[in-house]
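Down below is the structure, laid out as structure tokens.
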Amino acid sequence: MATSDIYGLDFGTSNSAISVLTDGHARMLPIAQDAAEIIPTLLFFPDYASEVCIGERAIHEYVESGMKGRLMQSIKSFLPEVGYHGTPVGGKYGFMTIEHFVALIIEDIKKRADMLTGQDIKRVVLGRPVVFSDKPEEDAVAEKRLIKAAERAGFEEVYLQQEPIAAAFEYEQQLTKDETALIVDLGGGTSDFTVIKLGPNRFAQHDREHDILGVHGFRLGGNDFDADIMWNNGVAYFGKGATYTEMHQTMPIPNEILLTLCTWQKMSLLKEPRTKEFLRRLIKTGSDPQRMKNLNTLVNENLGYSFFQSVEAVKCALSESDEAMLLFDQSGIRVNETITKVMFEEVVKEKVMRLNEEIDHLLKQCALSPKDIDSVFTTGGTSSIPCIRNLIAHKFGAAKIKSGNTFLSVATGLALSGKQFI
Ligand SMILES: Nc1ncnc2c1ncn2[C@@H]1O[C@H](COP(=O)(O)OP(=O)(O)OP(=O)(O)O)[C@@H](O)[C@H]1O
Ligand SMILES: [Mg+2]
């Protein structure tokens, strides 16, 4: 075993990946069953078996089992929720804490990586967003939980690195001259930025602290864009705009229920007996029985994740074309709706404006203006959205935008960060 080996693990809200640093070189590990380098950050607890399924295996079992079980996604987003300690999942696991959920995923990734490296590597650099939460006490809780999970998963030395700084180190490998770069990492749950000095003359230095001119981040990611599409184009199929009549009074379907549909992980809350009974009554008392049936089916058959797969697919398709179809046809729920890029951009306009403001905030914090930035390196899945790319191009000039591997730059950079810890 090369004693200097260390892993770089990007535990992402949507996707996770791991790389290894050997003799100063970072190498991504093809951990997925099909030898891909990323796995979805998902857990599935099937009703019929006591074993948990992780990553791409979770999706496979969720579909195979006819959605019979508990699928958990975006677990990273729960880390700063101080009031959320865990949840019962049944089977041999019983009540599980948030650290335990995270540990299951990290442990699985570690095992896959150890198989590929033929080692039992105990050191890891874990990524963390600049901001888990803007409340410092919540942020500290999230960080503590993440470290605890990594230790529980079998790591003995756990180091943390901010995700945009890791991405910067990966980008640095392609540079032939020194520059001041803005790194924009837009993921599934958070947006993270850094302004940093990079280049061949800086790369070899052990301590890079003085190169970091500023970091900034906030909680906005691809999941929020999905929720916007759901609210504007999806929820109508489940009762938005419909009414129901009770005690001779006609009322709109409660917003509280419709808003819950925009975060599929929360849909299971609608299975609580009183709500379930209310939803069942809507089929008789609602103004649009088909849509009321759709609502009941979506909730009772656990179709939230499947529906959001369609929502996410339309969002990604709109990164390539001017219009795309929101398509869903399962258990009697039929959705077939054209969404144009213009409509999508209108719906997410405020979020994109917020991104712009947050970038301005960082530049101000660094006492820099766009002309002082030599390059803008974009990474993370959400950075593919054209109106976001246009915003950056407009602000800094299109020629300054640089991209690498959207889904792997953070993991690679985390391993490269390992140099400062060994
Ligand atoms: N072509 C695309 N167009 C728009 N969005 C995309 C595209 N491809 C992926 N995404 C979105 O990118 C997000 C996932 O990106 P990524 O894997 O970088 O996030 P993550 O690292 O898991 O999250 P985080 O860094 O916030 O913890 C998802 O919301 C996904 O829908
Ligand atoms: Mg990420």
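To convert a position in the sequence shown, counted from 1, into the numbering used here, add 4. Yeah, the Cβ is synthetic: ideal placement off N, Cα and C, and Gly gets one too.
- Contact annotation, A30 with L420: C-beta distance approximately 5 Å; criterion of less than 8 Å satisfied.
- The beta carbon of T45 sits closer than 8 Å to the beta carbons of F15, G16, T17, S18, N19, S20, G59, Q77, S78, I79, K80 and I109 from its chain, once the five residues preceding and following it are set aside; these are given in chain order.
- Remark: the shortest separation between the CB of D124 and any heavy atom of ligand 2 does not fall under 7 Å.
- The way I'd put it, the region 237–256 does touch the region 293–312; three or more beta-carbon pairs between them come closer than 8 Å.
- In the displayed model, M100 falls within a strand according to three-state DSSP.
- In summary, Q253 is exposed, with fewer than 16 beta-carbon neighbours lying within 10 Å of its beta-carbon over all protein chains present.
- Looking at the DSSP output, T382 shares a beta bridge with V188 and S407.
- Positions of the beta strand (DSSP E) runs, each at least 3 residues long and wholly inside the region 45–99, are given as 46–50, 73–77 and 90–92 in order along the chain.
- Leaving aside the five residues that flank W235 on each side, the residues in its chain whose CB is nearer than 7 Å to its CB run, in chain order, C266.
- Annotated as proximal: V199 and L217, with beta-carbon spacing under 8 Å.
- Nearest C-alpha to Q334 among V352, S323, S310 and L322: S310.
- If the five residues before and after D292 are omitted, its C-beta is found closer than 8 Å to the C-beta atoms of G243 and A246, all from its own chain and listed in chain order.
- For V356, the enclosing alpha helix (DSSP H) has its first and last residue at K353 to Q369.
- In the displayed model, S18 falls within coil according to three-state DSSP, outside both helix and strand.
- Taken through DSSP and simplified to helix, strand or coil, M296 comes out as helix.
- Secondary structure note for Q253: its beta strand (DSSP E) is the uninterrupted segment Q253 to P256.
- Ligand 1 has a heavy atom closer than 7 Å to the beta-carbon of P133.
- Looking at the DSSP output, G12 bridges to S23 and V129.
- Excluding its 5 nearest sequence neighbours in each direction, L120 has C-beta neighbours in its own chain below 6 Å: L33, listed in chain order.
- Straight-line measurement puts the Cα of R278 at about 33 Å from the Cα of A146.
- In this chain, F197 is not harboured by any alpha helix (DSSP H); it is covered by the beta strand (DSSP E) spanning S195 to L202.
- Here L262 has V239 and K244 as same chain residues with Cβ atoms under 6 Å from its own Cβ, once five neighbours each way along the sequence are excluded.
- When the beta-carbon positions are compared, E362 and S195 come within less than 8 Å of each other.
- With a cut-off of 8 Å on Cβ pairs, the region 138–154 is not in contact with the region 381–394, counting fewer than three such pairs.
- Take the alpha-carbon of I22 and the one of A415: they are about 6 Å apart.
- Only residues of its own chain outside the window of five on either side were considered, and among them T289 have a CB closer than 7 Å to the CB of E250, listed in chain order.
- Secondary structure at T416: helix, using DSSP grouped into helix, strand and coil.
- Setting aside the 5 residues that flank it on each side, L186 is surrounded in the same chain by V199, I377 and V380, each with a C-beta closer than 6 Å to its C-beta; the list follows chain order.
- One thing to note: V188 has its Cβ no nearer than 8 Å to the Cβ of V162.
- According to the DSSP secondary-structure assignment, R285 is paired through a beta bridge with no residue.
- Between the region 392–411 and the region 341–348 there are fewer than three C-beta pairs closer than 8 Å, too few to call the two in contact.
- In this structure, E167 has its beta carbon less than 7 Å from a heavy atom of ligand 2.
- For T264, the secondary structure class from DSSP, reduced to helix, strand or coil, is helix.
- A direct Cα-Cα distance of roughly 28 Å separates P84 from I125.
- In the structure shown, E147 falls within a helical segment according to DSSP collapsed to helix, strand and coil.
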